[in-house]
Amino acid sequence: VDLDRKHSNGKLRLQKWYTATAERDKKKMVRELMQVVLARKPKMCSFLEWRDLKIVYKRYASLYFCCAVEEQDNELITLEVIHHFVELLDKYFGSVCELDIIFNFEKAYFILDEFLMGGEIQDTSKKNVLKAIEQADLLQEEVF
1 VDLDRKHSNG KLRLQKWYTA TAERDKKKMV RELMQVVLAR KPKMCSFLEW RDLKIVYKRY
61 ASLYFCCAVE EQDNELITLE VIHHFVELLD KYFGSVCELD IIFNFEKAYF ILDEFLMGGE
121 IQDTSKKNVL KAIEQADLLQ EEVF
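Okay, so the sequence shown: first residue is 1 according to full-length UniProt numbering, each after it adds one.
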């Protein structure tokens, strides 16, 4: 699963790759994928086939969350993964917005890493994930 968060103007705010891919290829894939997703009309399906992958995306306000998954992966589960991640961000930041991601990108990555590891869900409980994040925040405060 590759998870991107991008703004409707095409600026990538967060990306996580779970497959080994050359940097040059990543940039090309992201550029192409942004063009495809941003060109789609709002009423169109949130799933599409692209190259040898399935693209699953969801728009929240002016932000797009997008996953590229293998053909055998379930689109509805992937859509739920996106929604679950957005809910975690909302609970942590209190109605997350693009500026939260820009100025706290390391925390957004940390939340993603607590939720997914190697592209697989680690814990479906938002409560457990948020508790782990809160504990890490407390530990970080003690250190600094």
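We put the CB at the ideal spot given by N, CA and C, even for glycine.
Kindly indicate which three-state DSSP category GLN72 falls into: helix, strand or coil? Start at 1 with the first residue of the sequence shown, and residue 72 comes out as number 72. Reduced to three states, the DSSP call for GLN72 is coil.
Could you pull the DSSP bridge partners for LEU130 from this structure? The residue labelled residue 130 in the question sits at position 130 within the sequence shown. Its beta-bridge partners do not exist; DSSP assigns none.
At what residues does the alpha helix (DSSP H) containing LYS27 begin and finish? Here the question's residue 27 lines up with position 27 in the sequence shown. 23-39 is the extent of the alpha helix (DSSP H) around LYS27.
Between which residues of its own chain and ILE133 is the CB-CB distance below 7 Å, once the five residues before and five after are set aside? Counted from its first residue, the sequence shown places residue 133 at position 133. For ILE133, where only same-chain residues beyond five positions count, the Cβ hits under 7 Å are TYR92, PHE110, ILE111 and GLU114.
Kindly indicate which residue of PHE85, GLU32, PHE103 and PHE105 has the alpha-carbon position closest to the one of LYS126. Residue mapping note: residue 126 aligns to position 126 of the sequence shown, counting from 1. The shortest Cα separation from LYS126 among PHE85, GLU32, PHE103 and PHE105 belongs to PHE85.
Rounded distance between the beta-carbons of TRP17 and LYS26, thought under 8 Å: In the sequence shown, counting from the first residue as 1, residue 26 sits at position 26. In the sequence shown, counting from the first residue as 1, residue 17 sits at position 17. About 7 Å; that satisfies the 8 Å criterion.
State yes or no: is the C-beta of ALA108 within less than 7 Å of the C-beta of ILE101? To locate residue 108, count along the sequence shown from 1; it is residue 108. To locate residue 101, count along the sequence shown from 1; it is residue 101. Their beta carbons are under 7 Å apart, which means ALA108 touches ILE101 by this criterion.
If we count the other Cβ atoms within 10 Å of its Cβ and call it buried at 16 or more, is VAL36 buried or exposed? The residue labelled residue 36 in the question sits at position 36 within the sequence shown. When all chains shown are included, VAL36 counts as exposed.
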